[in-house]
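K.L.:
According to my numbering, the residues represented by the sequence shown are 11 to 602, in order. For every residue, glycine included, the Cβ atom is placed at its ideal position computed from N, Cα and C.
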Amino acid sequence: MDHVVSAPYKRVFYVSFQAVCNAIVIGLVAKGLVMLISLFTNLFFYGKFSFAESSPAFNHLGVYVILIPIAGSLIVGLLARFGSKAIRGHGIPEAMENIILNESKIPPKITWLKPLSAAISIGSGGPFGAEGPIIATGGAIGSLTGQIIHISVAERKVILAAGACAGMSAIFGSPLAAILLAIELLLFEFSPRSIVPVALACITGAGMHLWLFEHSPVFAMPEIPVVSTTALVAYTVMGVLTGILATCISKSVYWVEDMFEKLPVHWMWWPAIGGAVVGIIGYFAPHTMGVGYDNIRNLLTGTLPLTILFALCVLKYLSWVIALGSGTSGGTLAPLFTIGGAWGALLGVLANRFFPELEVNIATAALIGMAALFAGSSRALLTAIVFALETTGKANGLLPLVAACSTAYFVSFFLMRGSIMTEKIRRRGVDTPLHYLPDPLQTFLVNSVMNNKPFTIYDNYSKNEAVSILEKHSSYYLQYIPIITANNTFTGYLNRDTLNSSDREARIEAAELYVKASDSLLKVVKLLHYNCLDLLAVVDDNKQLIGTISAANVIMIYEQKLKAENRYHSAFFGDKQLLRIMAKGKKLLTIR
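1. Helix, strand or coil, according to DSSP, for S478 in the structure here?
2. From the DSSP secondary-structure annotation, give me the bridge partner or partners of Y327.
3. Under the three-state reduction of DSSP, which class applies to S580: helix, strand or coil?
4. Relative to the alpha-carbon of I649, which residue among I378, V288 and L43 has its alpha-carbon at the smallest distance?
5. Measure from the alpha carbon of G149 to the alpha carbon of each residue in A129, I161, K124 and E400, then state which is nearest.
6. Going by C-alpha distance, which of L411, I372 and I349 is nearest I378?
7. Indicate whether the contact test is met: 3 or more Cβ pairs, each with one atom in the stretch 169-188 and one in the stretch 81-96, closer than 8 Å.
8. Roughly how many angstroms lie between the CA atoms of M431 and S260, to the nearest whole one?
9. Keeping to the same chain, check which residues put their C-beta closer than 8 Å to that of Y486; ignore five residues upstream and five downstream.
10. Starting from F500, follow its DSSP beta bridges and name the residues at the other end.
11. By the DSSP assignment, the beta strand (DSSP E) with T558 in it spans what residues?
12. Note down the Cα distance separating K603 from D507, rounded to an integer number of angstroms.
13. Just how far apart, CA to CA, sit G300 and V247?
14. When you compare only the Cα positions, how much space is there between W283 and I80?
15. Can you name the start and end residues of the beta strand (DSSP E) that Y524 belongs to?
16. Using 10 angstroms around the beta-carbon of H219, count the other beta-carbons present and answer buried if the total reaches 16, otherwise exposed.
17. Output the boundary residues of the beta strand (DSSP E) element that contains A547.
18. Can you give me the C-alpha to C-alpha distance between F92 and K119, rounded to a whole angstrom?
19. Which residue from L325, V477 and L532 puts its Cα closest to that of T317?
20. Give me, in chain order, the residues of the same chain whose beta-carbon lies closer than 7 Å to that of Q554; leave out the 5 immediate sequence neighbours on both sides.
21. Bridge partners for Y468 per DSSP, in chain order?
22. Are G249 and T417 touching if we call contact CB-CB under 9 Å?
23. Cα-Cα, which of I144, T147 and I169 is closest to T155?
24. When the Cα of S429 is compared with those of Q452, S458, F384 and G337, which residue comes out closest?
25. Going straight from the alpha carbon of M178 to that of A188, what length do you get?
26. For I493, which residues from the same chain have a beta carbon less than 8 Å from its beta carbon, with the 5 sequence-adjacent residues on both sides left out?
27. Using CA coordinates, which residue listed in P345, P66, Y419 and L343 is at the minimum distance from Y293?
28. Counting Cβ pairs, one atom from each stretch, are 3 or more of them under 8 Å apart for the stretch 225-245 and the stretch 394-401?
29. If contact is defined by three or more beta carbon pairs under 8 Å, each pair taking one atom from either stretch, is the stretch 49-69 in contact with the stretch 127-137?
30. Reducing DSSP to helix, strand and coil, say where N462 ends up.
31. Of the choices I291, I567, Y471 and Y524, whose alpha-carbon is the least far from that of T495?
32. Assign Q28 to one of two classes, buried (16 or more other C-beta atoms within 10 Å of its C-beta) or exposed (fewer than that).
33. Using the Cβ count rule (16 or more neighbours within 10 Å means buried), how would you classify N305?
34. Check the C-beta distance from L322 over to H297 and give it rounded, since I have them as a contact under 8 Å.
35. Which of helix, strand or coil does DSSP assign to S16?
36. On the three-state DSSP scale, how would you describe L273?
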């Protein structure tokens, strides 16, 4: 019996090895995606074939620059129409959707369509980052290998999450933040079978980043001062304001999507409409186009003028939200960091203007702005804090980051039911887990819910005697009945179906299928499942029957746990109508 219970954990090594192999491939894909973005940027804006890093901001196309994002978006629309509609969107919500609704299965062609479409979209001026597409591509590679090697659904979920987060780690060199992203947004669990493969994949992705990209922090910034008490208060207030902004931004993304849904044209043409907006804004503010990692680095210096800060906060937001809402291919992390960084810097400038005694550091304000906006929008609190630390390397930012991100998360939690990552699938009636609680099956024991007065059959009964006893106890509904000796020793089970057959022997020989009072309910569920039973005998050390436990007994523990935690409320179940239905159903179930 023990080998049945522990079997999943023996596969951790196998899944981890596969995750590491995938991470090596994903690191190479991440490098290829960055090179493709540079290639298309050079082709679209400068008319040259080059993989050298470049930005659309320094083009000399004049008013014709408006046509570039439109052309790129048209290509993306065609790829979505005739390739796969799944390339639309910004990566993480699509990965979450496949984990929850599609057994972690992603179509294989996404492994090349997503990075190609993202490279064209970003290379033609799309205001997105490379991290969303590589997260989606990494998840697709993990899902593909998981389908090829025929692993379980739970293991495929781990492989998908490991691939997605290895991609993030390969782009930013932030393995710990990538691990936390998997826990907060993709895995919905914390266990050795999931965290070990993901951690190894993210470490491998970080190693690929060091090899293929750079050794210094991605968003290196000047030294920032140790936070003072007055400045900490200011940063906390900034977190509150950023939480409000995060709520507005998250809701606006889906509002724009709804507006596009009402257009009387095929969705294939929507990205071109979004591209026109990107081009028009890019004509007046060229720095709003493209990946914009250089914008984030400049923001973290704390020296940008107000006009640039305003453009990166307001115009970048308008360009990004309309382009993303149009259904093109791109990411959300870099735009949120840019908008949040500019927002934080603007708040810092205003604080120093009207409250100079607060001693707000502009670079620190930009840092907490970008992290807090991501925390409030995505509900990935720990990921946001650790990501900001890993990509800047500034330990002095920890305290203001915790204060601002926590308050932003707090505010958005009460102002918005979902998040920018979960709203899409929430609209389809699927809610992502809000709580990471220990599984009652592992924490509760058999003696907490077992039946202490079991219905039994003696081993010396004939078939006719057994039939007669069951007729007298017609309320007994379970398929299997424990068989005991005269001295109460458990010997097996009686299968009720055999009483109606012509077989002379009515019992089944399953004397080793039992549990003890100190066993976990997880062991009970696995034994019931693997042996197709609906009841298990509970015995003591001398194999004396002391009770039984069925699937119905296991379900009772969830009701007890919910009652103990006072969880019967609308915030947990979603609506009051469901509570009324549950209450009515409970009354019906208690009728004898």
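P.N.:
The relevant details are as follows:
1. Numbered from its first residue, the sequence shown carries residue 478 at position 468. Correct three-state label for S478: helix.
2. The sequence position of residue 327 within the sequence shown is 317, counting from 1. Bridge partners of Y327: none, in fact.
3. Residue 580 sits at position 570 when you count from the first residue of the sequence shown. Unreliable placement is indicated for S580, whose pLDDT of 43 sits below 50; the coordinate value is still reported in the next sentence. Of the three classes helix, strand and coil, the one that applies to S580 here is helix, per DSSP.
4. Since the first and last residues shown for the chain are 11 and 602, residue 649 lies out of range.
5. Position 139 of the sequence shown holds residue 149. Of A129, I161, K124 and E400, the residue nearest in Cα terms is K124.
6. Position 368 of the sequence shown, counting from 1, holds the residue named residue 378. Measuring from the Cα of I378, the nearest candidate turns out to be L411.
7. no
8. By one-based count along the sequence shown, residue 431 stands at place 421. By one-based count along the sequence shown, residue 260 stands at place 250. Distance between the alpha carbons of M431 and S260 is about 9 Å.
9. In the sequence shown, the residue the question calls residue 486 occupies position 476. Closer than 8 Å at Cβ, skipping near neighbours: F465 and L480.
10. The sequence position of residue 500 within the sequence shown is 490, counting from 1. Looking at the DSSP assignment, F500 forms a beta bridge with I494.
11. As a working note, residue 558 is residue 548 in the sequence shown. Its beta strand (DSSP E) spans residues L555 to S560.
12. No information on residue 603 is available, as it lies outside the stretch 11 to 602 that the chain covers here.
13. For this step, residue 300 is matched to residue 290 along the sequence shown. For this step, residue 247 is matched to residue 237 along the sequence shown. Their backbone Cα atoms lie some 31 Å apart in a straight line.
14. In the sequence shown, residue 283 corresponds to position 273, counting from 1. In the sequence shown, residue 80 corresponds to position 70, counting from 1. Inspection of the sequence shows that residue 283 is occupied by Ile rather than by Trp. One C-alpha to the other measures close to 7 Å.
15. One-based indexing of the sequence shown puts residue 524 at position 514. Looking at the DSSP string, the run of the beta strand (DSSP E) that includes Y524 is Y524 to K526.
16. The residue given as residue 219 occupies position 209 in the sequence shown. Buried.
17. Residue numbering aside, residue 547 sits at position 537 when the sequence shown is read from its first letter. Residues L545 to V549.
18. Sequence index remark: in the sequence shown, residue 92 carries index 82 (1-based). Sequence index remark: in the sequence shown, residue 119 carries index 109 (1-based). Roughly 12 Å separates the two Cα atoms.
19. Position 307 of the sequence shown, counted from the start, is the residue given in the question as residue 317. Minimum Cα distance to T317 is reached at L325.
20. Within the sequence shown, numbered from 1, the residue matching residue 554 stands at position 544. If we look at Q554 and ignore the five residues flanking it on each side, its Cβ neighbours are N498 and T499.
21. By one-based count along the sequence shown, residue 468 stands at place 458. Answer is I494.
22. In the sequence shown, counting from the first residue as 1, residue 249 sits at position 239. In the sequence shown, counting from the first residue as 1, residue 417 sits at position 407. Yes. Within cutoff.
23. For the purposes of this step, residue 155 is taken as the residue at position 145 of the sequence shown. Answer by Cα proximity: I169.
24. The count along the sequence shown starts at 1 and reaches residue 429 at position 419. For the residues Q452, S458, F384 and G337, the minimum Cα distance to S429 belongs to F384.
25. The residue labelled residue 178 in the question sits at position 168 within the sequence shown. The residue labelled residue 188 in the question sits at position 178 within the sequence shown. Near 6 Å, if we compare the C-alpha coordinates of A188 and M178.
26. The residue you call residue 493 lines up with position 483 of the sequence shown. Contacts found: T466, I467, Y468, D469, F500, T501, G502, Y503, L504 and R517.
27. The count along the sequence shown starts at 1 and reaches residue 293 at position 283. Taking only the C-alpha atoms, the option nearest Y293 is P66.
28. yes
29. yes
30. For the purposes of this step, residue 462 is taken as the residue at position 452 of the sequence shown. N462: coil per DSSP, three-state reduction.
31. Start at 1 with the first residue of the sequence shown, and residue 495 comes out as number 485. It is Y471.
32. Within the sequence shown, numbered from 1, the residue matching residue 28 stands at position 18. Buried is the call here.
33. Within the sequence shown, numbered from 1, the residue matching residue 305 stands at position 295. Answer is buried; the Cβ neighbour count reaches 16.
34. For the purposes of this step, residue 322 is taken as residue 312 along the sequence shown, with counting starting at 1. For the purposes of this step, residue 297 is taken as residue 287 along the sequence shown, with counting starting at 1. With 8 Å as the limit, L322 and H297 qualify as a contact, their Cβ atoms being about 7 Å apart.
35. In the sequence shown, residue 16 corresponds to position 6, counting from 1. Residue confidence is low: S16 scores 47 on pLDDT, short of 50, so the model does not pin down where it sits. Its coordinate-derived value is still stated next. Residue state, collapsed to three classes: helix.
36. Counted from its first residue, the sequence shown places residue 273 at position 263. L273 falls in the coil class under three-state DSSP.
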